[in-house]
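I have placed the structure first, in the form of structure tokens, so that the comments after it can refer back to it.
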Ligand SMILES: [Ca+2]
Ligand SMILES: [Ca+2]
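Residue numbers (our numbering), protein chains in the order written: chain A, 41 to 364; chain B, 41 to 364.
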């Protein structure tokens with residue numbers, strides 16, 4: 041027996057330690073702050089060590105993990121589905137918002153305000169069992185294309201964020217989605233797109249009911265809102281669902297403010313991060329005045345609160361998971 | 041180098057395989073059905089194999105994992121806490137139910153019906169942050185004693201069920217509590233008592249709000265019911281929280297009927313189990329006529345539905361986790 045096998049093992053391990061977990065991030069301050077934080081909370085001998093059970097990381101979805109411009113993907117789905125349902129039964133178009141949706145007129149839907157918008161979401165997400173709805177969303181995702189790029193939506197997830205999710209999981213974190221998007225819509229693709237299983241998807245919840253139909257018990261999706269997972273709703277949902285205050289939170293709009301505020305106010309090492317959309321060339325540039333993903337308070341207070349403002353144009357080498 | 045090390049390893053493994061995972065269960069049909077089911081769904085080469093991600097097991101709490109007679113533990117806590125709060129501020133006793141609670145008169149609380157009962161729960165579970173509430177419950181559990189036995193409540197969990205939880209986890213299952221008990225009350229002891237972490241505790245949810253108090257963001261517990269995790273509520277909560285239909289469900293009352301119905305109606309191998317309280321000597325004997333843990337439909341239909349009726353007196357060698 042010689043020492044050679046042991047030496048080989050040590051070289052392999054050193055190589056693994058040096059591999060860049062975030063290759064699509066430029067070598068800017070943003071990347072350094074993330075990796076420093078992870079090193080601190082995983083250092084068993086350090087003052088900031090956090091046990092794996094407490095390594096909870098929460099991520100907003102739209103505009104944080106995938107594209108949300110020029111219009112939320114879920115709203116595109118909703119509009120398409122209302123049109124499809126109306127072809128079978130035109131009598132469902134009982135309002136101006138629903139008529140606009142059936143005509144593919146998204147501006148017309150927005151013109152009806154929050155209530156009109158919710159009417160379209162509600163009509164397109166109900167009257168169907170959860171299992172059937174999941175299949176409908178998955179079928180839609182296979183053929184739907186982004187209005188500006190013509191690409192599939194699962195090609196328009198952010199590669200640097202996929203790397204961040206994987207990196208955190210490799211370092212013992214549990215990663216959750218905490219989004220204003222509706223829970224059954226997101227679950228239909230979250231496992232495939234992000235490696236986030238259904239029990240780690242937290243979102244807006246529409247009504248549902250338990251029914252036994254011809255002897256077959258199902259959970260049915262019903263009209264109406266049960267819980268709005270936005271703003272103050274995010275910490276409340278995290279408490280209800282996870283029961284632990286996260287140590288890492290990432291968002292992109294003021295809808296994430298309370299989630300970041302609550303996360304970073306906890307004791308010990310905490311990390312708050314805002315994806316700032318600054319890249320009009322490769323993606324979109326928007327913040328204060330955007331009706332989608334509006335970011336004002338977060339932009340004003342991130343510095344004082346020690347939250348990382350990720351500058352997409354500066355900090356991200358690649359944007360899209362498709363590589364394009 | 042000799043073959044000896046390899047032989048030692050094989051003997052150790054064979055020994056582990058023969059160890060009884062359920063030593064507090066008698067060698068009756070109940071135990072055999074459980075271990076056969078687990079063997080089937082974990083046999084990679086069998087037709088009934090279920091991947092670890094899909095091995096979801098859900099357990100009711102009161103009367104399934106711990107004692108619920110002569111009165112729900114949570115109600116004892118609530119009555120104690122109302123009395124404590126009333127000593128500080130007697131003006132909170134605005135109803136007959138609350139006055140009865142403050143006097144320790146549980147029958148008087150019941151006399152005020154469901155509304156009175158909920159009033160006591162609501163008053164004793166609100167006006168406090170989640171973190172503080174958790175400490176209050178944990179403090180109470182240390183000193184509170186069961187009215188009949190004088191023992192601590194965490195000594196009155198069921199040893200056979202603790203073994204079943206551990207056995208399932210060892211076989212790759214994820215174990216959840218799905219109970220009518222309220223979520224923050226159960227979380228205060230579920231990790232210590234059952235090794236079930238907060239994100240796997242599903243229960244009734246009372247209102248809460250996000251508040252920033254003197255610069256300190258907290259989730260506050262508020263009066264009122266948000267979600268009742270009983271009967272039809274159980275499958276709905278499982279869908280919302282876990283997003284997968286369980287393959288194993290255990291309960292003890294008709295409040296668990298829909299959870300078992302939905303679980304066992306799924307495709308492939310499924311297991312439904314009802315803990316039937318038949319042991320007046322070592323525990324309590326009750327079913328159809330009990331106002332706590334009433335079991336009628338489940339008792340009538342368990343046979344036809346293939347659900348296991350666990351006969352506590354016959355099937356359990358030991359009852360209590362304390363060994364007494
Ligand atoms: Ca967003
Ligand atoms: Ca029960």
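The C-beta atom is built at its ideal place from N, Cα and C for all residues, glycine as well.
Sequence-distant residues of its chain with Cβ nearer than 8 Å to residue i (five each side left out)
i	result
residue 359 of chain B	198, 199, 200, 319, 322, 323 and 352
residue 62 of chain A	71, 74, 75, 200, 203, 204 and 207
residue 336 of chain A	294, 327 and 328
residue 177 of chain A	117, 224, 225, 228 and 229
Buried or exposed by the 16-neighbour rule on C-beta atoms within 10 Å, applied to residue i
i	result
residue 59 of chain B	exposed
residue 147 of chain A	exposed
residue 338 of chain A	buried
residue 331 of chain B	exposed
residue 104 of chain B	buried
residue 253 of chain A	exposed
residue 153 of chain A	exposed
residue 308 of chain B	exposed
residue 219 of chain A	buried
residue 179 of chain A	exposed
residue 151 of chain B	exposed
residue 144 of chain A	exposed
residue 64 of chain A	buried
residue 298 of chain A	buried
residue 182 of chain A	exposed
residue 185 of chain A	exposed
residue 363 of chain B	exposed
residue 235 of chain B	exposed
residue 270 of chain B	buried
residue 272 of chain A	buried
residue 108 of chain B	buried
residue 275 of chain B	buried
Close beta carbons around residue i, own chain, < 6 Å, minus the five adjacent residues each side
i	result
residue 341 of chain A	none
residue 213 of chain B	95 and 97
residue 113 of chain A	193
residue 174 of chain B	228
residue 361 of chain A	197, 199 and 202
residue 326 of chain B	317
residue 92 of chain B	212
residue 249 of chain B	260 and 262
residue 356 of chain B	200
residue 289 of chain A	98, 299, 300, 303 and 312
residue 53 of chain B	At residue 53 of chain B the pLDDT is 44, less than 50, meaning the model places this residue with poor confidence and gives no usable figure here.
residue 296 of chain B	100
residue 123 of chain A	142
Own chain residues within Cβ distance below 7 Å of residue i, not counting five before or after
i	result
residue 286 of chain B	96, 97, 98, 278 and 303
residue 187 of chain A	110
residue 158 of chain A	265
residue 126 of chain B	132, 133 and 142
residue 101 of chain A	217, 219, 221 and 226
Residue i Cβ short of 8 Å to ligand 4 heavy atom set
i	result
residue 329 of chain A	Among the ligands modelled here, namely ligand 1 and ligand 2, ligand 4 does not occur.
Chain E contact for residue i (CB, 9 Å cutoff)
i	result
residue 183 of chain B	Within the model displayed, chain E is absent; protein chains A and B are what it includes.
Exercise for review: For the stretch 284 to 303 of chain A, enumerate the residues whose C-beta is nearer than 7 Å to any C-beta of chain B, in chain order.
Suggested key: So the list reads 284, 298, 301 and 302, given in the order they occur along the chain.
**Study point:** Touching by the beta-carbon criterion (3+ pairs, under 8 Å), the stretch 307 to 314 of chain B and the stretch 337 to 348 of chain B
**Key:** Taking one beta carbon from each stretch, the stretch 307 to 314 of chain B and the stretch 337 to 348 of chain B have 3 or more pairs nearer than 8 Å; the two touch.
Check your understanding: Which runs of the alpha helix (DSSP H), 4 residues or longer, sit entirely within the stretch 280 to 317 of chain B?
Key -> Along the length of the stretch 280 to 317 of chain B, whole alpha helix (DSSP H) runs at least 4 residues long occupy 297 to 304, reported in chain order.
Practice item. Determine, using beta-carbon pairs with one atom in the stretch 232 to 249 of chain B and one in the stretch 252 to 262 of chain A, whether at least three such pairs fall under 8 Å. Key: Taking one beta carbon from each stretch, the stretch 232 to 249 of chain B and the stretch 252 to 262 of chain A have fewer than 3 pairs nearer than 8 Å; the two do not touch.
Exercise for review: Please list the residues of the stretch 233 to 244 of chain A that have a C-beta atom closer than 7 Å to any C-beta atom in chain B, keeping them in chain order.
Suggested key: Flagged, chain order: 237, 238, 239 and 241.
Exercise for review: Quick one: which residues of the stretch 244 to 277 of chain B get their C-beta closer than 9 Å to a C-beta of chain A? List them in chain order.
Suggested key: Close to chain A, meaning a Cβ-Cβ distance shorter than 9 Å, are the following residues of the stretch 244 to 277 of chain B: 245, 248, 249, 250, 251, 252, 255, 256, 257, 258, 259, 266, 267, 271, 272, 273, 274, 275 and 276.
**Study point:** Residues from the stretch 145 to 172 of chain B in contact with chain A, defined by Cβ distance under 8 Å
**Key:** For the stretch 145 to 172 of chain B, which is checked against every Cβ of chain A, the residues closer than 8 Å are 170.
Review point. Along the chain, which unbroken stretches of the beta strand (DSSP E) at least 3 residues long are found entirely within the stretch 55 to 111 of chain B?
Key: With a minimum length of 3 residues, the continuous beta strand (DSSP E) runs that stay inside the stretch 55 to 111 of chain B are 96 to 99.
**Study point:** the stretch 202 to 220 of chain A / the stretch 78 to 96 of chain A touching (three or more Cβ pairs under 8 Å)
**Key:** Counting Cβ pairs under 8 Å, three or more are found: they touch.
Review point. Which residue spans inside the stretch 113 to 196 of chain A form an unbroken alpha helix (DSSP H) run of at least 4?
Key: Here the runs fully enclosed are 113 to 128, 136 to 142, 146 to 150, 153 to 164 and 170 to 183.
Check your understanding: Along the chain, which unbroken stretches of the alpha helix (DSSP H) at least 4 residues long are found entirely within the stretch 205 to 263 of chain A?
Key -> The alpha helix (DSSP H) runs of length 4 or more contained entirely in the stretch 205 to 263 of chain A are, from start to end of the chain, 223 to 234.
Review point. Going along the stretch 76 to 108 of chain B in order, which residues come within less than 8 Å of chain A, judged by CB to CB distance?
Key: For the stretch 76 to 108 of chain B, the set of positions with a beta-carbon nearer than 8 Å to some beta-carbon of chain A reads 93 in chain order.
Exercise for review: Below 7 Å between beta carbons is the criterion; list the residues of the stretch 215 to 228 of chain B that meet it against any residue of chain A, in chain order.
Suggested key: Flagged, chain order: 223 and 227.
Exercise for review: Residues of the stretch 341 to 360 of chain B with a CB closer than 9 Å to any CB of chain A: list them in chain order, please.
Suggested key: Answer in chain order: no residues at all.
Practice item. Quick one: which residues of the stretch 304 to 319 of chain B get their C-beta closer than 7 Å to a C-beta of chain A? List them in chain order. Key: Look at the stretch 304 to 319 of chain B: the residues with a C-beta under 7 Å from a C-beta of chain A are 305.
Review point. Which of the residues in the stretch 195 to 214 of chain A, read from start to end, lie with their CB under 7 Å from any CB of chain B?
Key: Answer set for the stretch 195 to 214 of chain A: empty.
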